[in-house]
Each structure stands twice: as structure tokens, then as C-alpha cells.
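Notes for the one structure printed next.
In UniProt numbering, the protein residues as written are 1 to 134.
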């Protein structure tokens, strides 16, 4: 059984690489995208189990990309975890209204990211890997 696939979307390469490393170490398969338009394209191509989405993105912001993913019948079931440095309630509300399944604010610890991914995937009945039980 293949481990769940997570697409990490952030225009800041260091953040993208760091999140990808955390998730790979936790047993997930990881792909990356650097802007919202690429994220939507990769979701349609790869059908990941979950997307970790930054809000401040070039080409298409994270809310617009999330809305595009959730409005598409082919991809609407993909979980979207928004991770953002925008902490104003209006920004968080906008992300939820776009269809984000959960919103976390930066900075966040690796354990917080992995726990949120696990929580969202488990709510869909998706196990991390075949040997997840041990």
C-alpha cells in the first residue's frame, strides 16, 4: 500500500522544502508546487490526498487555488490544509470560505503540521502507510 500523497504549495522555497522534509520523515509521499496556478494543475494531474497550501502565492493566491480545487468535481474531495502567516480573523475566515479543511498559522512546529495532516487524512479513513499500526 502506498503512503498518502501530500502536495506542498509555498512560493518560499525554504518553507516548501522544510514542510516536505517533515512530511517525508513522517512517512508521506510529497510533491511540491511554488504558486497557486501550479498547485491547481498539479492537483488535477496527481490527485494528492492532501494539499498544504500557503495563502500568499503568486499567479493565483492560496484562497483562489483552494476554491478552484474545491469547485472542481474531480478534485473537490482533496483535503486542503492552509498554512499562513496571516493571522487576522478576516484572512482565516476567507481561507475557510474558500474551502480550506483546516487553517494553521505560522510559525508552526513540525509536530503541529504532521498532526494536522494526520487528523485530516484519518477523517477520510486514509492511513499513513501499510505499517502505520506500529
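All residues carry an ideal CB built from backbone N, CA and C; glycine is no exception. Computed from a predicted structure; not experimentally measured.
Exercise for review: Spatial neighbours of residue 56 within its chain, please: CB distance less than 6 Å, with the 5 preceding and 5 following residues excluded, ordered by chain position.
Suggested key: Excluding residues within five positions, none has a Cβ falling inside 6 Å.
**Study point:** Buried or exposed (CB count within 10 angstroms, at least 16 for buried), residue 93
**Key:** exposed
Check your understanding: Helix or strand or just coil, what does DSSP make of residue 66?
Key -> Residue 66 falls in the helix class under three-state DSSP.
**Study point:** Segments assigned beta strand (DSSP E), at least 3 residues, entirely inside the UniProt domain "Response regulatory" (5–121)
**Key:** 5–9, 29–33, 50–53, 79–84, 102–105
**Study point:** CB of residue 84 within 8 Å of CB of residue 54, strictly
**Key:** yes
Practice item. Please determine, among 100, 116, 48, 62, the residue with the shortest C-alpha to C-alpha distance to residue 3. Key: 48
Practice item. Compare the C-alpha of residue 72 against each of 96, 40, 103, 63 and name the closest. Key: Its Cα nearest to that of residue 72, the residue 40 stands out among 96, 40, 103, 63.
Exercise for review: Under 6 Å Cβ to Cβ from residue 76, same chain only, skipping five residues before and after it: list those, please.
Suggested key: 70
Review point. Going straight from the alpha carbon of residue 80 to that of residue 1, what length do you get?
Key: 22 Å
Check your understanding: Using the C-alpha atoms, what's the distance from residue 5 back to residue 133?
Key -> Residue placement at residue 133 is flagged as unreliable, the pLDDT there being 38, under the threshold of 50; the coordinate-derived value follows with that caveat. CA-CA distance, residue 133 to residue 5, rounds to 18 Å.
Check your understanding: Looking only at its own chain, which residues have a Cβ that is under 7 Å from the Cβ of residue 33, when we skip the five neighbours before and after it?
Key -> 7, 9, 39, 42
Point to revise | Exposure of residue 88, with buried meaning 16 or more beta-carbon neighbours within 10 Å | key: Residue 88 is exposed by the Cβ-count criterion.
Check your understanding: By the 10 Å Cβ neighbour count, where 16 or more other Cβ atoms means buried, how is residue 158 classified, buried or exposed?
Key -> Nothing can be reported for residue 158, as the shown portion of the chain is limited to 1 through 134.
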